[in-house]
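Residue numbers (the working numbering), protein chains in the order written: chain Z, 13 to 146; chain F, 426 to 471; chain H, 211 to 480.
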Amino acid sequence: MQIHINAQDGVPIYLQIVNQIRYQLASARLKPGQELPPIRTLAQSLLINPNTVARAYKELEQAGIVEKRRTVGTYITARRSPLARRERRRILVERIDQLLAEARQMDFDLRDVVRLLNVRHKVLRKSNRKEVGQ
Amino acid sequence: MDLLVRGDLEQLKQAAEAMQARILEESTLTLDEIFLLRVGRQAAEQ
Amino acid sequence: MTEKGANASPAIIEVQHLSRRFDDRQALHDLSLTVPRGGVFGLIGGNGAGKTTLIRHLLGMLKAQQGSVRVFGLDPVAAPAAVLGRIGYLSEDRDLPNWMRLQDLLRYTQAFYPAWDSVYAEELRKNFDLNPATRVKSLSRGQRARAGLLIALAHRPELLVLDEPSSGLDPVVRRDILGSIIRTVADEGRTVLFSSHLLDEVERVADRVAIIHEGRILLTSEMEQIRESHRRLVLQFRKSTNDPPPLDGMLDRTGSGTEWTYWCAGISNS
């Protein structure tokens with residue numbers, strides 16, 4: 013798991029961790045059942061306070077994204093709970109809002125956006141197939 | 426020394442509305458910015 | 211809360227109404243500060259703000275002219291051995307005896323600390339890539355800082371005090387220093403007090419911070435709370451104005467016409 017902290021971008025460090033883990037899970041870079049590094053290890057490698065990592069893990073636990081298994085460690089929740097699905101939907105809605113705002117600013121209307129979405133979907137599907145075939 | 430209160434953002438929003446103003450952006454600050462604000466204000470008060 | 215003698219005090223450092231004057235300059239003004247046990251406490255301020263003067267009081271190197279200083283519940287001037295034996299200290303100028311070889315310096319230092327952990331010291335020496343046969347005077351700036359850090363850490367002090375540990379150092383050595391701070395609190399639940407003007411480092415590692423300026427504490431709180439209670443707001447007014455109304459807790463505002471930026475610290479409770 014790769015996390016990058018920027019102490020100068022104004023977003024609290026614990027939230028940077030939460031957001032990156034959410035994003036990596038949503039984009040399947042993290043898989044259900046996968047173990048997260050122990051708090052101490054992640055704190056050491058990111059050079060941040062262990063309490064900050066603990067706070068991030070706690071937030072993720074409350075959102076149903078990770079679960080603590082007794083004393084053994086912290087894992088990405090195995091089965092996607094409705095909460096996790098709601099979470100993925102939330103991230104997607106956020107991105108769509110951004111996309112729509114930018115599109116409007118650049119004078120594209122909704123029809124243009126939908127058409128482009130379809131085009132890009134086909135392009136991406138094609139390139140994915142190529143990658144798999146190689 | 427200021428005592429900081431959680432949940433004050435809502436109050437700030439209400440205060441802005443009371444001044445007939447609209448909040449266009451709202452963000453947290455880095456420690457750098459907070460430090461400069463605090464030290465800068467202290468210098469201005471002297 | 212029950213009192214079970216000095217060492218049961220929940221605060222590891224308790225400074226009350228401390229004032230200090232040097233000739234014509236008032237270095238500390240009626241300064242009070244509490245550092246709880248466990249965690250990383252960041253003392254932030256510019257040059258000449260009073261960070262080093264405060265730290266020198268904690269180590270018993272300066273006697274309080276007014277007010278009181280307690281570390282582990284003890285007065286560091288009255289009980290220097292009991293206090294200093296439990297503190298690991300790295301000074302800003304990293305003063306080490308130049309004529310010694312590193313191995314002699316380590317032996318010499320070890321004699322002062324019954325709790326010196328030779329295995330840990332050797333591990334740190336290897337990690338920091340320090341050659342024991344080198345004379346202190348020929349160490350590079352970064353190696354000198356690492357040697358000082360080794361000495362501060364190897365007796366596994368209850369309280370680690372670092373005065374501007376990163377100043378003038380390259381990123382690799384700064385990494386070692388931050389790593390040592392984190393290891394100290396993560397592995398052992400000890401307390402670290404460090405002063406710095408590198409605020410991104412403080413933001414990374416501190417649980418609590420105090421802002422010191424011209425010998426006074428302007429603000430002290432948990433890092434998280436400080437972050438959550440300060441906000442920048444961009445406001446749009448209906449009518450153009452040169453003098454928009456103030457907001458409670460406002461620290462500053464700039465702008466013109468209808469758009470103004472406000473910096474706020476929430477609402478003062480007092």
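C-beta: ideal position from N, C-alpha, C; glycine also.
Which residue or residues does DSSP assign as beta-bridge partners of residue i?
i	result
Thr86 (chain Z)	Z:Leu48, Z:Lys80
Arg405 (chain H)	The sequence given here has Ser at residue 405 (chain H), not Arg. H:Leu253, H:Asp373, per the DSSP bridge assignment.
Val281 (chain H)	H:Ile223, H:Leu284
Pro246 (chain H)	H:Ala221
Glu432 (chain H)	H:Arg418
Val444 (chain H)	F:Glu450, H:Thr471
His423 (chain H)	H:Arg426
Ser229 (chain H)	H:Gln276
Arg304 (chain H)	DSSP output for Arg304 (chain H) lists no bridge partner at all.
Arg437 (chain H)	For Arg437 (chain H), which the question treats as bridged, DSSP gives no partner whatsoever.
Arg235 (chain H)	H:Phe232
Arg463 (chain F)	Paired residue(s): none; Arg463 (chain F) is not in a bridge.
Arg311 (chain H)	H:Arg345
For residue i, does the three-state DSSP call read helix, strand or coil?
i	result
Asp240 (chain H)	strand
His365 (chain H)	coil
Thr451 (chain H)	coil
Gln320 (chain H)	helix
Asp462 (chain H)	strand
Gly352 (chain H)	helix
Phe42 (chain Z)	A quick correction: the sequence has Leu, not Phe, at residue 42 (chain Z). DSSP places Leu42 (chain Z) in coil when its eight states are reduced to three.
His267 (chain H)	helix
Ile60 (chain Z)	coil
Asp457 (chain F)	helix
Ile297 (chain H)	strand
Thr212 (chain H)	With a pLDDT of only 40 at Thr212 (chain H), under 50, the local geometry of the prediction cannot be trusted, and no value is derived from it.
Arg97 (chain Z)	helix
Arg137 (chain Z)	helix
Gly432 (chain F)	Bear in mind that the predicted position of Gly432 (chain F) carries a pLDDT of just 49, short of 50, making it unreliable; the figure below should be weighed with that in mind. Looking at Gly432 (chain F) - three-state DSSP - the assignment turns out to be coil, as it is neither helix nor strand.
Arg400 (chain H)	coil
With distances taken Cα to Cα, identify the nearest neighbour of residue i among the options.
i	options	result
Val382 (chain H)	H:Gln353, H:Ala364, H:His365, H:Ile392	H:Gln353
Trp309 (chain H)	H:Val346, H:Asp303, H:Glu332	H:Val346
Leu269 (chain H)	H:Pro220, H:Val444, H:Ser301	H:Ser301
Ile17 (chain Z)	Z:Phe120, Z:Arg67, Z:Ile60, Z:Met118	Z:Ile60
Glu203 (chain H)	F:Phe460, F:Lys438, F:Leu461, F:Leu456	Outside the modelled stretch of chain H, which goes from 211 to 480, sits residue 203 (chain H), for which no answer is possible.
Tyr35 (chain Z)	Z:Gln20, Z:Ile51, Z:Asp21, Z:Leu104	Z:Leu104
Arg247 (chain H)	H:Pro220, H:Arg442, H:Asp234, H:Trp473	H:Pro220
Thr451 (chain H)	F:Glu435, F:Gln445, F:Leu454, F:Gln439	F:Gln445
Met13 (chain Z)	Z:Leu128, Z:Thr53, Z:Val23	Z:Thr53
Asp453 (chain H)	H:Asp417, H:Gly465, H:His365, H:Met271	H:Gly465
Cys474 (chain H)	H:Gly459, H:Leu428, H:Thr468	H:Gly459
Asp380 (chain H)	H:Arg351, H:Glu368, H:Lys273	H:Arg351
Leu238 (chain H)	H:Gly252, H:Phe251, H:Val279	H:Val279
Find out if the Cβ-Cβ distance for the pair residue i, residue j is shorter than 8 Å.
i	j	result
Val371 (chain H)	Ile254 (chain H)	no
Val197 (chain H)	Val402 (chain H)	Residue 197 (chain H) cannot be examined here, being either before or after the span of chain H that is shown, 211 to 480.
Arg463 (chain F)	Ile421 (chain H)	yes
Ile29 (chain Z)	Arg414 (chain H)	no
Ala259 (chain H)	Arg311 (chain H)	no
Arg442 (chain H)	Thr468 (chain H)	no
Ile15 (chain Z)	Leu72 (chain Z)	no
Leu334 (chain H)	Leu360 (chain H)	yes
Asp373 (chain H)	Ile265 (chain H)	yes
Ser376 (chain H)	Arg384 (chain H)	yes
Val281 (chain H)	Ile222 (chain H)	yes
What does residue i reach in chain H if we use C-beta pairs closer than 8 Å?
i	result
Pro62 (chain Z)	Ile392, Val395, Ala396
Ala68 (chain Z)	By Cβ distance, chain H contributes nothing, its closest Cβ being about 12 Å from Ala68 (chain Z), past 8 Å.
Glu450 (chain F)	Arg442, Leu443, Val444
In chain Z, what lies closer than 8 Å to residue i by C-beta?
i	result
Arg437 (chain H)	Pro24
Gly389 (chain H)	Gln56, Leu59
Ala355 (chain H)	Under the 8 Å cutoff, chain Z gives no residues; its nearest Cβ is about 16 Å from Ala355 (chain H).
Val250 (chain H)	Asn61
Run through chain F and tell me which residues come within less than 9 Å of residue i, C-beta to C-beta.
i	result
Leu228 (chain H)	Chain F residues near Leu228 (chain H): none, gap ~15 Å exceeds 9 Å.
Glu413 (chain H)	Thr455, Leu456, Asp457
Give the interface partners of residue i over in chain Z, defined as CB-CB distance under 9 Å, in chain order.
i	result
Leu454 (chain F)	Gly22
Val492 (chain H)	Because chain H in this structure spans residues 211 to 480, residue 492 (chain H) falls outside the shown range and cannot be described.
Ala475 (chain H)	Within chain Z, no residue comes near Ala475 (chain H); the closest Cβ sits about 16 Å away, beyond 9 Å.
Asp386 (chain H)	Going along chain Z, no residue has its Cβ under 9 Å from Asp386 (chain H), so there is no contact; the nearest lies around 10 Å.
Could you name the residues of chain H that residue i contacts, counting a contact when the two beta carbons are closer than 7 Å?
i	result
Glu435 (chain F)	Residues of chain H passing the Cβ test: none, with the nearest at roughly 10 Å.
In chain F, which residues lie less than 8 Å from residue i when you measure between Cβ atoms?
i	result
Pro246 (chain H)	Near Pro246 (chain H) there are no residues of chain F at all, since even the closest Cβ is about 16 Å away, more than 8 Å.
Note down, in chain order, every chain F residue with its Cβ under 7 Å from the Cβ of residue i.
i	result
Arg448 (chain H)	Gln445
Asp458 (chain H)	Ala440
Counting only Cβ pairs nearer than 9 Å, list the residues of chain H close to residue i.
i	result
Ala113 (chain Z)	Simply none; closest approach about 16 Å.
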